[in-house]
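S.K.:
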Amino acid sequence: MDNYVILTDSTADLLQDIVTEFDIHVVPMKLTIDDKSYYENELDSAEFYGMIKTSHKLPTTTQVNPQEYTDCFEKFLKDDKNVLYVCFSSALSGCYNSARIAANELNTKYDCKVRVVDSLSASMGEGMLVYKLALQKKKGLDFEEAVKWAEENRLKICHLFTVDDLNHLSKSGRLSKTSAFFGSMLNIKPVLHVDNEGRLVAIDKARGRHKSIEMIADKMKKYSDGVKNDVIFISHGNCQDDAKELAEKIKAKTGITNVVFGNITPMIGTHTGLGTLALFFEGNQR
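Position 114 of the sequence shown, counting from 1, maps to 247 under the numbering used here, and the rest follow consecutively.
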């Protein structure tokens, strides 16, 4: 059981308590705000959202390159540990390809191995997969069993979210300027998810914030029908009251009360902006 370590990246938005409890290793991503670069772990969420409120430029992110992954993985291989790395969706970032390049090279040099799993997920959806994987490791899954489990269960993790600022999605290339303009004028709030290919896709829209929150709770009830959720994750971009409202609506509709709240950290927040509200759970469809 202890012959491997679980790694993920900072886009997983995992709470530090979970990271510490399960000894999960987090690869920090890099971003640039107002021409100054930071590793994500150098900024807390409150500081980051305060900075983008006053910034005249949209923050940018930088993927981890193969050499950085090599340096990260190799220190565990030298300690005779296999590495299971659960990566940010390959449809949203080039990090998966960089990690595979590093893994392929290292696997020719060491007896211990690196396995890279494309989570096909983002934010706390990726984090939920890693958390549940860590629980399986604690139950005794060996290295190859854990790789197989992650690959077989990744599409069970559902993502539903909405954003408050359409212009931010437009600036990051996720929404056309025309759609953002008219959507803002009409107070339209999109509801999005991550599909089976790991892509960010709009699936519905609502008039107003409260209706979008109601819609997310309704869709969760539908998508999780027949699936037992012992815990759900809710993350937010500096909108804690909305996160609590969503939790209350889910409780009323499903009876689920075990909720882990988290912040949407800088790497994800760079592309979604203030006011993003996201729900993650196990379901029967994405």
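Even for Gly, the Cβ is constructed at its ideal location relative to N, Cα and C.
#1: Could you tell me how far apart the beta carbons of I290 and G258 are, in whole angstroms, since I believe they sit closer than 8 Å?
#2: By Cβ distance below 6 Å, which residues in the same chain neighbour K227 in space, the five residues on each side in sequence not counted?
#3: What does the alpha-carbon distance come out to for the pair G183 and L274?
#4: Look at the alpha carbon of M162 and the alpha carbon of D142, and state the distance between them as a whole number of angstroms.
#5: Compute the distance between the beta-carbons of A411 and F294, then report whether it is under 8 Å.
#6: What residues in its chain sit with their C-beta under 7 Å from that of I354, if we drop five residues either side in the sequence?
#7: Report the residue from S368, E330, V250, C245 whose alpha carbon sits nearest the alpha carbon of L148.
#8: What is the residue span of the beta strand (DSSP E) that E173 lies within?
#9: With which residues is S430 paired in a DSSP beta bridge?
#10: Which same chain residues end up closer than 7 Å to A224 when comparing Cβ atoms and leaving out the 5 residues on each side of it in sequence?
#11: My output table needs one value for H158: the three-state DSSP class, helix, strand or coil.
#12: At the level of alpha carbons, what is the spacing between R342 and D297?
#13: Between the alpha carbons of N136 and Q200, how many angstroms are there, rounded?
M.R.: Concretely, from the data shown:
#1: The sequence position of residue 290 within the sequence shown is 157, counting from 1. The sequence position of residue 258 within the sequence shown is 125, counting from 1. That belief holds up - the Cβ atoms of I290 and G258 are roughly 5 Å apart, short of 8 Å.
#2: The residue you call residue 227 lines up with position 94 of the sequence shown. The displayed chain sequence assigns Gly, not Lys, to residue 227. Here the set comprises Q196.
#3: Counting from one through the sequence shown, the residue named residue 183 turns up at place 50. Counting from one through the sequence shown, the residue named residue 274 turns up at place 141. Cα to Cα, G183 sits roughly 42 Å from L274.
#4: Looking up residue 162 in the sequence shown gives position 29. Looking up residue 142 in the sequence shown gives position 9. Each residue's alpha carbon lies about 7 Å from the other.
#5: Position 278 of the sequence shown holds residue 411. Position 161 of the sequence shown holds residue 294. In this structure, F294 lies closer than 8 Å to A411 by Cβ.
#6: Sequence index remark: in the sequence shown, residue 354 carries index 221 (1-based). Per the sequence shown, residue 354 should be read as Lys rather than Ile. Hits under 7 Å: K386, T387.
#7: Residue numbering aside, residue 148 sits at position 15 when the sequence shown is read from its first letter. That would be S368, whose Cα lies nearest to the Cα of L148.
#8: In the sequence shown, residue 173 corresponds to position 40, counting from 1. Here E173 belongs to no beta strand (DSSP E), and DSSP marks it neither H nor E.
#9: Summary: the structure shown does not reach residue 430, with the chain confined to residues 134 through 419, and so no result is reported for it.
#10: For the purposes of this step, residue 224 is identified with residue 91 of the sequence shown, where counting begins at 1. Result list for A224: E330, G331, R332, in chain order.
#11: In the sequence shown, the residue the question calls residue 158 occupies position 25. The answer is strand: DSSP assigns H158 an E or B state.
#12: Counting from 1 along the sequence shown, the entry for residue 342 is found at position 209. Counting from 1 along the sequence shown, the entry for residue 297 is found at position 164. Computed Cα separation, rounded: 7 Å.
#13: Locating residue 136 in the sequence shown gives position 3, counting from the first residue. Locating residue 200 in the sequence shown gives position 67, counting from the first residue. Each residue's alpha carbon lies about 24 Å from the other.
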